[in-house]
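Quick note on numbering: our numbering labels position 14 of the sequence shown as 14, and the sequence is numbered without any gaps.
Since the structure comes first, as structure tokens, the remarks are kept for the end.
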Amino acid sequence: DIAHKTGASTATISRVNRSLNFGEGGYQITFARRRGDGEREKQQ
1 DIAHKTGAST ATISRVNRSL NFGEGGYQIT FARRRGDGER EKQQ
């Protein structure tokens with residue numbers, strides 16, 4: 001159970017899950033950066 005292993009509330013897990021499935025890709029960008037293969041902010 002993710003809630004038990006992480007200590008996160010079930011509401012937080014539900015929000016993250018919803019964002020992963022229907023969001024704009026923010027979590028995917030964050031996960032990619034943490035893995036070291038993500039693109040940094042584009043310089044303007």
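Where is the CB? At the ideal position from N, CA and C, for every residue including glycine.
- Per DSSP, the unbroken alpha helix (DSSP H) holding A11 starts and ends at 10 to 22.
- Note that the C-beta distance between S19 and Y27 is below 7 angstroms.
- Assigned with DSSP and collapsed to three states, G26 falls in helix.
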